[in-house]
Amino acid sequence: MKIAYYLSSGIKQGLSRFKLAVYLWLIILGFSVVAIAPVSSIIKNNLGNFYPGRPPLLPFELHLVEVFMANQNIFQPYFSLVLTIILVFGLLTVFLNAGVFGRMTDREKKINFRDFLNDGCRYFWQFFLTVLISLPFFVLLLGLYRLLGTPVKAWTAEATTEWPFVIGSNLRMIIFILLWTIFKMLFDLVRIIIVSESKKLLPSLGSALRFLKNHFFKLWWLDLIIGFGFVIVSAIFLMAGRFLSTSHLAGVLVIIILSQAYLLFRLFTRLVFIGVETSYYSENRGAQ
Amino acid sequence: MKEKNLKKVFSISGLVFFLIITVRLFSMDNERPVKYDLKVELLPENQALQAQETIVWTNQSHDYVQDIQFHLYWNAFKNELSTVAKESRMEKVFKRYRVKKDEWGWIKITSLTTAEGQDLMPAASFMSPDEPANPDDQTVLRVVLPRPVAPGQSIALNLEFQAKVPRNGLRAGYYKDGFFISQWFPKPGVYEEGRGWNCHQYHLNSEFFADFADFRVKITVPEKFVVGACGEEVEKTVDSNTGKATYTYVQQNIHDFAWTASPRFIKIERLFKADEEVTAEEYRQVADLLDLTPEEIKLPDVRMVLLIEKQHQSQIERHLKALKAALKYYGLWFGPYPYRTITMVDPPFRTGSGGMEYPTLFTAGTSVLLDKKVLSPEGVIIHEFGHNYWYGMVANNEFEEAWLDEGINTYSTGKVSAAAYGPGKLSMRLNGLPLTWFIRMPAIYDWQLDRLLSPSVAKLDPIVTPSWKFNNSASYSLNVYQRASTGLYTLERLLGEKTMARIMRTFQMSYRFQHPKTEDFIKVANEISGKNLNWFFEQFFFSSQDFDYGIASVDTGEKPTKFQGIFDDLAIKNFNKPKPEPGKKKTKIYETTITLRRYGEAIIGPEEKLKLRVEFENGQVETREWDGQGRWARFTFEKPCRVKTAVLDPDSIWLVDSNLSNNSYSSCGAKNKILSASSSLLWLMQNFLLTVSGLW
Numbered sequence: 001m002k003i004a005y006y007l008s009s010g011i012k013q014g015l016s017r018f019k020l021a022v023y024l025w026l027i028i029l030g031f032s033v034v035a036i037a038p039v040s041s042i043i044k045n046n047l048g049n050f051y052p053g054r055p056p057l058l059p060f061e062l063h064l065v066e067v068f069m070a071n072q073n074i075f076q077p078y079f080s081l082v083l084t085i086i087l088v089f090g091l092l093t094v095f096l097n098a099g100v101f102g103r104m105t106d107r108e109k110k111i112n113f114r115d116f117l118n119d120g121c122r123y124f125w126q127f128f129l130t131v132l133i134s135l136p137f138f139v140l141l142l143g144l145y146r147l148l149g150t151p152v153k154a155w156t157a158e159a160t161t162e163w164p165f166v167i168g169s170n171l172r173m174i175i176f177i178l179l180w181t182i183f184k185m186l187f188d189l190v191r192i193i194i195v196s197e198s199k200k201l202l203p204s205l206g207s208a209l210r211f212l213k214n215h216f217f218k219l220w221w222l223d224l225i226i227g228f229g230f231v232i233v234s235a236i237f238l239m240a241g242r243f244l245s246t247s248h249l250a251g252v253l254v255i256i257i258l259s260q261a262y263l264l265f266r267l268f269t270r271l272v273f274i275g276v277e278t279s280y281y282s283e284n285r286g287a288q
Numbered sequence: 289m290k291e292k293n294l295k296k297v298f299s300i301s302g303l304v305f306f307l308i309i310t311v312r313l314f315s316m317d318n319e320r321p322v323k324y325d326l327k328v329e330l331l332p333e334n335q336a337l338q339a340q341e342t343i344v345w346t347n348q349s350h351d352y353v354q355d356i357q358f359h360l361y362w363n364a365f366k367n368e369l370s371t372v373a374k375e376s377r378m379e380k381v382f383k384r385y386r387v388k389k390d391e392w393g394w395i396k397i398t399s400l401t402t403a404e405g406q407d408l409m410p411a412a413s414f415m416s417p418d419e420p421a422n423p424d425d426q427t428v429l430r431v432v433l434p435r436p437v438a439p440g441q442s443i444a445l446n447l448e449f450q451a452k453v454p455r456n457g458l459r460a461g462y463y464k465d466g467f468f469i470s471q472w473f474p475k476p477g478v479y480e481e482g483r484g485w486n487c488h489q490y491h492l493n494s495e496f497f498a499d500f501a502d503f504r505v506k507i508t509v510p511e512k513f514v515v516g517a518c519g520e521e522v523e524k525t526v527d528s529n530t531g532k533a534t535y536t537y538v539q540q541n542i543h544d545f546a547w548t549a550s551p552r553f554i555k556i557e558r559l560f561k562a563d564e565e566v567t568a569e570e571y572r573q574v575a576d577l578l579d580l581t582p583e584e585i586k587l588p589d590v591r592m593v594l595l596i597e598k599q600h601q602s603q604i605e606r607h608l609k610a611l612k613a614a615l616k617y618y619g620l621w622f623g624p625y626p627y628r629t630i631t632m633v634d635p636p637f638r639t640g641s642g643g644m645e646y647p648t649l650f651t652a653g654t655s656v657l658l659d660k661k662v663l664s665p666e667g668v669i670i671h672e673f674g675h676n677y678w679y680g681m682v683a684n685n686e687f688e689e690a691w692l693d694e695g696i697n698t699y700s701t702g703k704v705s706a707a708a709y710g711p712g713k714l715s716m717r718l719n720g721l722p723l724t725w726f727i728r729m730p731a732i733y734d735w736q737l738d739r740l741l742s743p744s745v746a747k748l749d750p751i752v753t754p755s756w757k758f759n760n761s762a763s764y765s766l767n768v769y770q771r772a773s774t775g776l777y778t779l780e781r782l783l784g785e786k787t788m789a790r791i792m793r794t795f796q797m798s799y800r801f802q803h804p805k806t807e808d809f810i811k812v813a814n815e816i817s818g819k820n821l822n823w824f825f826e827q828f829f830f831s832s833q834d835f836d837y838g839i840a841s842v843d844t845g846e847k848p849t850k851f852q853g854i855f856d857d858l859a860i861k862n863f864n865k866p867k868p869e870p871g872k873k874k875t876k877i878y879e880t881t882i883t884l885r886r887y888g889e890a891i892i893g894p895e896e897k898l899k900l901r902v903e904f905e906n907g908q909v910e911t912r913e914w915d916g917q918g919r920w921a922r923f924t925f926e927k928p929c930r931v932k933t934a935v936l937d938p939d940s941i942w943l944v945d946s947n948l949s950n951n952s953y954s955s956c957g958a959k960n961k962i963l964s965a966s967s968s969l970l971w972l973m974q975n976f977l978l979t980v981s982g983l984w
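See below:
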């Protein structure tokens, strides 16, 4: 199996279409700014002229909690706002996914926003149906998770020390993540087929399932390698964040830049997933 | 009496009071009202106890006592109609207080006779003393005596009882072959002269109250079990025919008796050697603080017994270090630990018995994976040991005034933890893994967290409220622990560390082996401080009001030099006005107006003042005072520069202030911190949207 080939092909596709990650990043940034604006404004109003004292009486984080506690009354309407934003964003996501898959599977490497929008419009309906049809599969995933988690749960229920609980609960979390990657891989493939072969949803789903019948472990293995790489980079990012200080403006700016770079990395990883899956599918679809 | 004289009288009487108390010798031989002789056998296969009990109760009041009332706590776990079950349902702690068929717990007296053999079972009936009445509750049993017990006379009663250990009875329980047995035997309430028996039914949000007693307890268990109990183990016999071991424990002057048995314990015994743990310099410093001599605060050696689960054996030293710190600082500050042993139990797995106190024994609680900077096992150990002082020896009524032990002990725990360890990180876990391994968390002191949490319930209930009458469990716990502790930290800052240390020690030493009430604490605080602090307790302990003073606004700007209008004395003014020296720049004058507000209902005492410290751009500092009685006050300053910072309560005395963030003003603000906080929130939201969208 040409692991390196598919991975490098996916990374190349991701890099050549990095603009897509930037588009998504900008859109998410816009939604997030709207979502946190009320909270941010509360912080500014309450602590904009705050003087922590020398030495400070409390760590700044506790003042933040204090401000949130003093303004609890706004949180109920605020959560309604966030929920609305999530729903609108969820709908938009269908459109964005259509744009991303459209551009990622296109031979044309040059990315522009107009083509991205065109693809978003073109495949929106099929992708929306994909979301609907994925729901019973998600229920299946939950059922499978419950089934696989049962022996682990039984083991931890009978434990006489805490270790089986620690191991068991983390094992169940890993089981869920693994099942989720399978679910994701299946519907990525469905979307790739919809876009690359201009098929309707159900034939695409059939093709994807048939393809996975022969290539399940190979493709899953590739996905897991990318996922593992992502986890490693995320851990490094989290560790790096522990050593950066926020007491100086320069430190704060470095943290902001790093945080946003991490988000771009997350989006880039997504492009690599699609790139690897597209590349694997196009190389092997004849050999089903 | 004039105020000055009043203060003088207070200080002199305080000193006398303090001296009397500190020289008072406490004897363990004082007559206790109750004597217990208990024989109990654990039947692990049925999770049951089979026991015999002899109680000798002495009437120390001047009343003729007609009856005796017993707590039968385990009946709270007998069915869904008990008060605990009903309150749990109301609190939504449990949808229904329902457990598996064989997991209910109960206690049943099978025989109750006088020493002469008279059967008292027909004279026994369940009662429900607290409102709302619950006739289905069986946690209090009243027995009418054949004849009243005269003042000074005693009555001996012989009981036989069976009990089924509840699977998880709030503080007692079992899991497989691990048992923690507490509140397990029929225990008389406290007889109060002129008021009768104080014997409340078991409530969801309450702990306990009992009289001081001498215990002799024989515990029989299968030989493989390791046993720990209150008091001192004086004998162990093994019956090779039955494969059972019997342990005898003895302890005087305690008011409860708990024990534990599990084959998975490791038992460690060490000696707390006071001379090795406390240096001469530390004795001298504390003696200075308390106005005592180092000899008067000398600590005794104490035998430490640790029962720890095998899975936690790597933490043995960590446990013992915390216990030593507790023995040291509680002993130095509040008085020597008077018993010869202290038993620390890492509770049997899944028995739900962690973090609980009993006289001379307490349960800690830890996890297999720990972050060294999270002081969660240490905090629990120090707190639960500390209950030997607050609840154990100074034995307040936890049903009626829980703050007297929980609040004072939370305050004490914070002080001991800070002295022994400094600030610690908050414990956050996911699937048993400490999140602090991955996420940066600030290190904080206990008092910082206490004061942060306490305002959330300030308007719900007064701290001094009977435990079962709080609005809900959160209000109960946050009021009696965190809010009370924050009140005491405020009192310390108001009176000074030295005065507060003397108050705490005096309260401990004067009410050791007694049942003090809130008014007793206030009395000690007034006498030692030489102040009338009634207002303080009225505002913060007996009322449910928010305390929040703050800076409402700071306006600073150049003072106008030209005014429009008609001025009658204009000519004179112009005549007197000094002419500016040629070449010298005209000095600008800035007018700063600071408005302070009282946002909450609670108010500072009539003799107290709130300080306002203002620093100007030229480094000049001015301090003003406000009596805080009105709703607002305004202060104006004229300076050649603008204001740089303004801080209300710059000495941070009023930790009870629910919002410290509005107590200060800075012309620059905490821009970096705000930027950092906002960007973190933004980043979290971005990640959240990214994750839920499935775009990655």
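Protein sequence lines, in the order shown, are assigned to chains W and P. For the first sequence, counting from 1, position 237 maps to 237 in the working numbering; every step adds exactly one. With positions in the second sequence counted from 1, the corresponding number in the working numbering is that position plus 288. Where is the CB? At the ideal position from N, CA and C, for every residue including glycine. The structure displayed is predicted, hence computed values, not measured ones.
Would a C-beta distance cut-off of 7 Å place D499 (chain P) and Q540 (chain P) closer than the cut-off? no
Between the segment 889-897 of chain P and the segment 842-849 of chain P, do three or more beta carbon pairs fall short of 8 Å? no
By DSSP, does I86 (chain W) sit in helix, in strand, or in coil? helix
At a CB-CB cut-off below 9 Å, which residues of chain P make contact with G241 (chain W)? I727, R728
Please name the residue or residues paired with N456 (chain P) in a DSSP beta bridge. P:G461
Three-state secondary structure assigned by DSSP to E283 (chain W): helix
Which of helix, strand or coil DSSP assigns to E564 (chain P): helix
Nearest-angstrom beta carbon gap, P423 (chain P) and S416 (chain P) [assumed within contact, 8 Å]: 6 Å
Using 7 Å as the limit for Cβ to Cβ distance, is S315 (chain P) near chain W? Any reading at S315 (chain P) must be qualified, since the residue scores a pLDDT of 46, below 50, and its modelled position is unreliable; no value is offered.
If I'm right that S949 (chain P) touches W756 (chain P) with Cβ under 8 Å, what's the distance once you round it to whole angstroms? That pair is no contact at about 35 Å.
G519 (chain P) vs Y537 (chain P) beta-carbon contact at 7 Å: yes
Since L559 (chain P) and R591 (chain P) are thought to touch, with beta carbons under 8 Å apart, how far apart are those beta carbons, to the nearest angstrom? 6 Å
Need the endpoints of the alpha helix (DSSP H) that P38 (chain W) sits in, please. 18-47
Would DSSP call Y617 (chain P) helix, strand or coil? helix
Cross-chain neighbours of H63 (chain W) in chain P, by beta carbon under 8 Å: L948, S949
Considering F545 (chain P), what are the terminal residues of the alpha helix (DSSP H) in which it resides? Taken as a continuous stretch (DSSP letters only), F545 (chain P) belongs to no alpha helix (DSSP H), as it is neither H nor E.
Using a beta-carbon distance below 7 Å, is G14 (chain W) in contact with chain P? no
Measure the Cβ-Cβ separation of H359 (chain P) and D418 (chain P) and say whether it is below 7 Å. no
Neighbour-count burial assignment, H671 (chain P), 16 or more Cβ in a 10 Å radius: buried
Using a beta-carbon distance below 7 Å, is L178 (chain W) in contact with chain P? no
Answer yes or no: do F31 (chain W) and L977 (chain P) have a C-beta to C-beta separation smaller than 7 Å? yes
I343 (chain P) classed as buried or exposed, judged by whether at least 16 other C-beta atoms fall within 10 angstroms: buried
Can you tell me where the alpha helix (DSSP H) with P151 (chain W) in it begins and where it stops? 113-157
Between which two residues does the alpha helix (DSSP H) carrying F825 (chain P) extend? 822-828
Exposure label - H248 (chain W); buried when at least 16 CB within 10 Å: exposed
Taking the C-alpha atoms as reference points, what is the distance between L400 (chain P) and M681 (chain P)? 30 Å
Smallest Cα separation from E815 (chain P): which of P:Q833, P:D834, P:F801, P:R793? P:R793
Check for me: the alpha helix (DSSP H) holding L189 (chain W) runs from which residue to which? 163-197
Just mark F217 (chain W) as buried or exposed, buried being the case when its beta carbon has 16 or more other beta carbons within 10 Å. exposed
Taking F273 (chain W) as the reference, which of W:L189, W:V252, W:L201, W:V33 has the closest Cα? W:L189
Figure out for me which residue from W:F187, W:Q72, W:S279, W:I175 has the closest Cα to the Cα of L129 (chain W). W:F187
Which runs of the alpha helix (DSSP H), 4 residues or longer, sit entirely within the segment 796-857 of chain P? 806-817, 822-828
Which residues mark the beginning and the end of the alpha helix (DSSP H) in which R912 (chain P) is found? Element bounds for R912 (chain P): not the alpha helix (DSSP H) but the beta strand (DSSP E), 909-914.
How far does the beta strand (DSSP E) with S967 (chain P) in it reach, from first residue to last? It is not in any beta strand (DSSP E) - S967 (chain P) instead sits in the alpha helix (DSSP H) that spans 959-981.
Tell me, please, which residues DSSP counts as bridged to T883 (chain P). P:S841, P:R922
Taking 7 Å as the threshold (beta carbon to beta carbon), is L141 (chain W) in contact with chain P? no
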